[in-house]
Structures are given as C-alpha cells and as structure tokens.
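Trainee:
Protein chains: 2
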Amino acid sequence: MSVNPDHPAANHQVVLARRPAGPVALDDFRLETAPVPSRGADEVLLRNIFASVSPAARAAMQGPTYRPQLTEGEVIPAGVVAEVVAGPPAGPPPGTLVATLFGGWANYTAVPATAVRELPLDLRGPLVRHLSLYGLNGLTGYFGVVGVARVRAEETVVVSGAAGGVGHVAGQVARLVGARVVGITGSDRKNAVLEKELGFAATVNRHSDSFGDDLRAACPDGVDAYFDTVGGPMLETVLPLMAGHGRVVCCGATAQYDADQPPDRGPRGFPLLAIVKSLRIEGFLVHDFQADWSEALTRLDQWAEGGQLTVLEDVRDGLGSAAAAMVDLMAGNSTGQLAVRVAGL
Amino acid sequence: MSVNPDHPAANHQVVLARRPAGPVALDDFRLETAPVPSRGADEVLLRNIFASVSPAARAAMQGPTYRPQLTEGEVIPAGVVAEVVAGPPAGPPPGTLVATLFGGWANYTAVPATAVRELPLDLRGPLVRHLSLYGLNGLTGYFGVVGVARVRAEETVVVSGAAGGVGHVAGQVARLVGARVVGITGSDRKNAVLEKELGFAATVNRHSDSFGDDLRAACPDGVDAYFDTVGGPMLETVLPLMAGHGRVVCCGATAQYDADQPPDRGPRGFPLLAIVKSLRIEGFLVHDFQADWSEALTRLDQWAEGGQLTVLEDVRDGLGSAAAAMVDLMAGNSTGQLAVRVAGL
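Those sequence lines, one after another, are chains A and B. To convert, note that position 280 of the first sequence is 280 in full-length UniProt numbering; the numbers rise steadily by one, no gaps. To convert, note that position 224 of the second sequence is 224 in full-length UniProt numbering; the numbers rise steadily by one, no gaps.
1) Between the C-alpha atoms of A/A255 and B/A179, what's the straight-line distance to the nearest angstrom?
2) With A/R152 as the anchor, note down where its beta strand (DSSP E) starts and where it stops.
3) Strictly under 8 Å for the Cβ-Cβ distance: is A/R150 near chain B by that measure?
4) Please classify B/T71 as buried or exposed, where buried requires at least 16 neighbouring CB atoms within 10 angstroms.
5) For a cutoff of 8 Å on Cβ pairs, would you count A/T65 as touching chain B?
6) Which residues, in order along the stretch 217 to 232 of chain A, keep a beta-carbon less than 8 Å from a beta-carbon of chain B?
7) Note down the Cα distance separating A/G232 from A/G244, rounded to an integer number of angstroms.
8) Looking at the strands, I want to know which residues DSSP matches up with B/Q13.
9) Taking Cβ positions only, does A/F270 come closer than 8 Å to chain B?
10) Would you say B/S321 lies against chain A (beta-carbon separation less than 8 Å)?
11) Taking C-alpha atoms, which residue in B/Q308, B/N333, B/A59 and B/A218 lies nearest to B/G183?
12) In angstroms with no decimal places, state the Cα-to-Cα distance between residue 370 of chain A and A/D228.
13) Have a look at A/V339 and A/N48 and give me their C-alpha separation to the nearest angstrom.
14) Check whether the stretch 161 to 175 of chain B touches the stretch 192 to 207 of chain B, taking contact to mean three or more Cβ pairs, one atom from each stretch, closer than 8 Å.
15) Output, in chain order, the set of chain B residues within a Cβ distance shorter than 7 Å of A/K277.
16) With 16 as the cutoff for other CB atoms within 10 Å, does A/Q308 come out buried or exposed?
17) Could you give the distance in angstroms between the alpha-carbon of B/A113 and the alpha-carbon of B/F102?
18) Given that A/Q302 touches chain E, what residues does it touch there, using C-beta distances under 8 Å?
19) Going along chain A in order, which residues have a C-beta closer than 7 Å to the C-beta of B/L235?
20) Return no unless some Cβ of chain A is closer than 8 Å to the Cβ of B/G141.
21) Pull up the distance between the alpha-carbon of A/A322 and that of A/L97, whole angstroms please.
22) Indicate whether at least one CB of chain B lies closer than 8 Å to the CB of A/R265.
23) Taking the runs of the alpha helix (DSSP H) that are 4 residues or longer, which of them lie wholly in the stretch 190 to 274 of chain B?
24) Grouping DSSP H, G and I as helix and E and B as strand, with all else coil, what is B/L119?
25) Hey, how far is the Cα of B/D6 from the Cα of B/R39?
26) Please classify B/P35 as buried or exposed, where buried requires at least 16 neighbouring CB atoms within 10 angstroms.
27) Name the chain B residues whose beta carbon is nearer than 9 Å to that of A/D288?
28) So, helix, strand or coil for B/F143, using DSSP?
29) Quick one: which unbroken beta strand (DSSP E) runs of 3-plus residues sit fully inside the stretch 265 to 337 of chain B? Chain order, please.
30) Within 10 Å of its beta-carbon, does B/A296 have 16 or more other beta-carbons around it, so buried, or fewer, so exposed?
31) Check whether the Cβ atoms of A/E282 and A/R247 sit closer than 8 Å, and answer yes or no.
32) Would B/Q302 be called buried (16 or more neighbouring beta carbons within 10 Å of its own) or exposed?
33) What did DSSP end up calling A/G125 once you bin it into helix, strand or coil?
34) Give the interface partners of B/G252 over in chain A, defined as CB-CB distance under 7 Å, in chain order.
35) For the alpha helix (DSSP H) containing A/G183, name the first residue and the last one.
36) Could you spell out the range, first to last residue, of the beta strand (DSSP E) harbouring B/V44?
In structure tokens form, the structure reads like this:
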C-alpha cells in the first residue's frame, strides 16, 4: 500500500466509543488517530472528501441491519465521495473520484474495489451532490417514488422526514410526476421551506397536538402512497388514512433508531389494514433498480439544473464535527443531506 | 317480487344476536324466520344452496373490514352458491346458478344483479366446489401465490392456516409451481393430512412449545414467501425468518378476529425488517386479477381433476348448523372449506 505523498499518512477517524444508552450523545463517539488502513489485494484505498451523517449509522449502533451491529472501537460507517489513492490494476486508477456506501468517518478507508463506483462527472453541480442527489439518498427518493410506489399524477403522496436527505428528494420527485405532496416534519421552519421553496402542497408538524387530525385534513381523499422514513407511531397514524390499493414505501424507521433497543411493538392495525385496504408495503434497495440508474440520474440532473428540484444540503466542516452532526440529525436539527467535509478535493 | 312456488315463502336466517365478547359462541347467533326479502329493481333474489362459514364474517363482528361492522339483528354475511329466483330483465334468468360474495346465512338473499357471477359449469366436480376451489377461497389461494407472491420454483413458501379453506389451496398451488412448501396448523392430525395427502414438504404445529425453533429448522434457507392467513404473533415469528426480497401475502388475520377488540399492537420488527430485508408485504383482492380468472380456474380444474390438487371441504347440514360451524372454525376444529348446505339444488 502506498499513500499519495501529498497527504499525511496519519488517519483521523471517528469510532464508536460506547453503545448509546438512549438518544445518541457526543460521548458515544471518539475521534482518534490511527494508521492508514492496509489495503487488501482486491481493495482500493480511498481518501475521503465528503462523508454522510446518516440514520443508518445510528441504526447500526442499535442492532444488525443490512450489516452486523456496530461494535465499540469500529469506525462509524458512512457513504463517502472519495479519491482513489491506490488499488488493484483492474480497479479505478489513482486520482479517480468515486463513491461508495462502505466508507466511514475517516480520512482513509480501504474497501473492495467492486464496492466503489466512479462518479458520473457529466452530472452537474457541486461535488457533494454525488453524496446527496446523485448518491444513495437521491436515488432512494427517486426509486422509492417512481419504482416502488409507482406514483401517478393526481395521487396524494405523504412523505415523513420530508426535509431529510431522502425525504426532500422523494417529495419533489412525487410532485414532478404530478402528485399532490404532503410533507411531515417536526418543525414549522422546515415546513415553511417545503411549502415555499420545494413545492409541497401541504405540510404537517408531527409535534402538533392535533397531528393526526391535521394529517387527515391534509389528505381528504386518503393517502395513495406513503413514503415512510420514520416508522414507529407515525406509521400507525398513517395506516388508517391509506386509500385502497395504497402503497407504503418502507425507507427508514428513524423514530426507532435513537433508543437503546428497537420498540417491542409494531404499529397497531397491521396487518389488518393491509388486508382490508389491499395495501402494498415494501422495502427496497436502490441496487434493485441499477439498470435504471443512468436514466434516473439524468432526470435528477435536469430537474436540479432546471430549477424544478431544490437540493438541500447541510455540510459540516471536518471529522471533528461529525459526532455533533449525528446528535443534531437524530434530534431533528438538520435539513436535507447531512454530511461532513473530510478533506479538500 | 315473486318466489318460485316450489319453495316456501318463509325465510330462515341466522342473525347476529349479540356482539361476541371474546371467542365467538353459539349464543351470539339466533336462527329466526323472516319474510323473504324484497328485491330492488336492480337486484336478484337468490335461493341459497351453499353458504360459506368464513373468518371474514367473524372479523365483521369485531369492526369494519371491507364492509361496515356487522350489527345485532343483521344476517351473517357469507359467500354463497345460489339459484336465481327472480331478477331484472337484463340479469341472469331464473334458474341460473350463480355465486356471490354478498350472500348470507339465509334461505333467500337479495343482492345487486351486478354482484353475482354465473357459475362456470364447464368446471368439473361437485357443486360446492364453486364455493371452495372455484370460489373466493380457491382464487385467493391461487392469486396470492401466483399473482402476489409470484412464487418461483425452488423457493421456500410458508403457509399459515395451511389446512384452511384458502391455505390448503395456496400451499398446493405453491407446490405445483415448484416451491418447497411448509405448512403451519394447530393440529398434528391436520399436519399429517398436509404432508401425506397434500404434498407439503414439512409442517409445524403452532401450539408446540418449540414452534419458533421448529419453523426455523423447517426453513433452513429462510422464507421466500409467507402466505399469511392468521396475522398476530405468528407474523411476528415469521418476519425475522424472511429471506431478502421475501414476500408476505396478507390474506387474513384470523388470530386477531376472535376477540372483543383488535390487538393494540402490531408485530415487533415491523417496519424495520421490511426495510433491511427489502420485503414486499401485500394485501389484495381476487378482483385485482379478474382478467386472469378464467385461466386460473382452468388450471385449478385440471389440477383437481388430475389428482394433483386435493380439495378439502367440510360441509355441514342446514342453517341450524352454521353457528356451531363458526365456533368450530374459530377454534380450529374444521379442515378445508367450511360451508353449510342451505338447500337442495
């Protein structure tokens, strides 16, 4: 393994200091200096530029998800936009800009060469957009609406976590395919952004005492598609509002992640409401739609550059800010794609 | 309205005497004599021959489902095979044999002419088969497997309520499309029938102390499709066993029907497992597949007449036996399609 001599060989990284007991806290993380990781024969060594701060990382602290549970001392997992420092001959050459879901909160990460994809640099906009709109979150929002819910014009679509990295894309994509979109967030300020800048037809604040009634009033014809990023009690609130043959896109359960344990009960009304309303409730991976990525990215680029889709990003500076960013994320104190800039380009 | 003079004008019917307080009991029903119902201008008057005894009727006593909650004094709803006594000029002529989902436990029922379908009498077998295999339950089993779960050869399919009217068809259809089928019932005797006569690869008794372990052992590669007729705690047991991209067909929640109220919680692990396993969880109506009914019925007829699919029926005699049949159904003391013979052909 060789590291580009322009960069120091020291590797700053943020690891799990302890398993969170309840809501995640700064002391659950530790910023440490470690050797640059060794690269296996089939791996690329990456110099990370942007790293995501995502609910998935919090979920991994709670238990197994797509990956085994995160244990103490492990680097916090993250999607990254990075530069290849070194790799196998068949892999992307040094200097190539890539993205991978298997990065982390560190200056350097070694990942299988097959797990990185070269950035499609013909797409326009700032580099961080390859982490947001052109990355996992943007594609998740797009395919959740277009590929899973298969939203049609005139339908009513509800998005929870609607100002989040995935939700704000999902809501706008649903609007752009002709749906009437209702957003749920925990903040009047976020809701104002959604209505005034992102074209949501209506918004509801989940902290309102009249939340359930507000949501029902915002969806007088029922909910044709619910893009669910939060799970938990909100899913229980939405299920009875679903219209016949409605679709629930299970994209995240952030309301359930920031606790010591997953909840010991599921939403009341399930599966009975799925039966009597002929609901389709579906989780998915963006990789299920890999054949359509190129078309999706082209559309997202056109919408964003044409001013029809607004990308919300909240980029914090340096690995030292990552832990606080995670605390903010889980407390609802961030808007759009949350990321840290790990290094300059 | 005119009634065929071959039949008495008195109408015996079974009504809900009181809303069940817990498990359904004989005293919740009342057999009474009433006038033959008046037929509206767009309705047909039916003389019922066979009437189903179904979990859906028990669910309707608990709360609204596809239909409003059943109230005291109302005739117990049922699918029926019936003969048209009278109807509008554009409807099926008197003497036509029809089926409808909107019949009841009564000698005579008036239903919209658009709600009956003429029996496809080219299908072979006894008349009651139009209530079982060629009726709602058979089509539900078929389309749940073929149309919703889209079961493929070599997959592992679990069916709960596997000896029931829907389940025993679903399990055999899954076997016939090449899957390995695991049945769950509450009886070793039923399980023996499933394994020895219906070709299930394995069975599990839900009353066993080791039920969860037994099911896991029966599905060493995970569950690709779960045909769920019971909901409740069993769904909670199956969800963690689902394989990636598994499908859950939400067909019934019988475990939840025979109580005063629906349960106040859903299955633990939902929606988190739907997210991390990319599950598709789906309710449906057989009418969603109406374009394919003819093909389905032909295949079911061929399988049944060819001896590849065994139809289990439990036909009780007379409306006077309907209440006891419902009690048996909810207690697990029936096998296959449960029905009462209301009248001779």
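Glycine included, each C-beta is placed from N, C-alpha and C at the ideal position.
Mentor: In terms of the structure at hand:
1) C-alpha separation (whole angstroms): 37 Å.
2) For A/R152, no beta strand (DSSP E) run applies, since DSSP gives it neither H nor E.
3) Chain B, which has no Cβ nearer than 8 Å to the Cβ of A/R150, makes this no.
4) It counts as exposed.
5) Output row for A/T65: interface = yes.
6) The stretch 217 to 232 of chain A vs chain B, Cβ under 8 Å: D228 and G231.
7) Whole-angstrom Cα-Cα distance: 22 Å.
8) According to DSSP, B/Q13 bridges with B/E32 and B/A106.
9) Yes - at least one Cβ of chain B is within 8 Å of the one on A/F270.
10) With 8 Å as the cut-off, B/S321 does not count as an interface residue toward chain A.
11) B/G183 has its Cα closest to that of B/A218, out of B/Q308, B/N333, B/A59 and B/A218.
12) Not covered by the structure: residue 370 of chain A. The range shown for chain A is 1 to 345.
13) Residue identity check: residue 339 of chain A is Ala in the sequence provided, not Val. Their backbone Cα atoms lie some 12 Å apart in a straight line.
14) In short, these stretches touch, since the Cβ pair count reaches three.
15) What A/K277 touches in chain B: G283.
16) Exposed.
17) One C-alpha to the other measures close to 11 Å.
18) In the displayed structure, chain E is absent; the protein chains listed are A and B.
19) Chain A residues near B/L235: P271.
20) Residue-level contact check: B/G141 does not touch chain A, since none of the beta carbons of chain A fall below 8 Å from its beta carbon.
21) Using only the alpha carbons, I get a separation of about 22 Å.
22) Look at A/R265: its C-beta is under 8 Å from a C-beta on chain B.
23) 211 to 218, 232 to 238 and 254 to 257, all fully within the stretch 190 to 274 of chain B.
24) Collapsing the DSSP output to three states places B/L119 in coil.
25) Per-residue confidence for B/D6 stands at a pLDDT of 48, beneath the threshold of 50, marking its modelled position as unreliable; no derived number is given.
26) With fewer than 16 Cβ atoms within 10 Å of its Cβ, B/P35 is classed as exposed.
27) Within 9 Å Cβ-Cβ: H245 and S278.
28) Of the three classes helix, strand and coil, the one that applies to B/F143 here is helix, per DSSP.
29) Qualifying beta strand (DSSP E) stretches, in chain order: 280 to 283 and 313 to 317.
30) Classification for B/A296: buried.
31) Cβ distance < 8 Å, so A/E282 and A/R247 count as in contact.
32) Exposed: under 16 other Cβ atoms inside 10 Å.
33) A/G125: coil per DSSP, three-state reduction.
34) Here the neighbours are I275.
35) Where A/G183 is concerned, there is no enclosing alpha helix (DSSP H), although the beta strand (DSSP E) it sits in stretches over R180 to T185.
36) Where B/V44 is concerned, the enclosing beta strand (DSSP E) stretches over E43 to S52.
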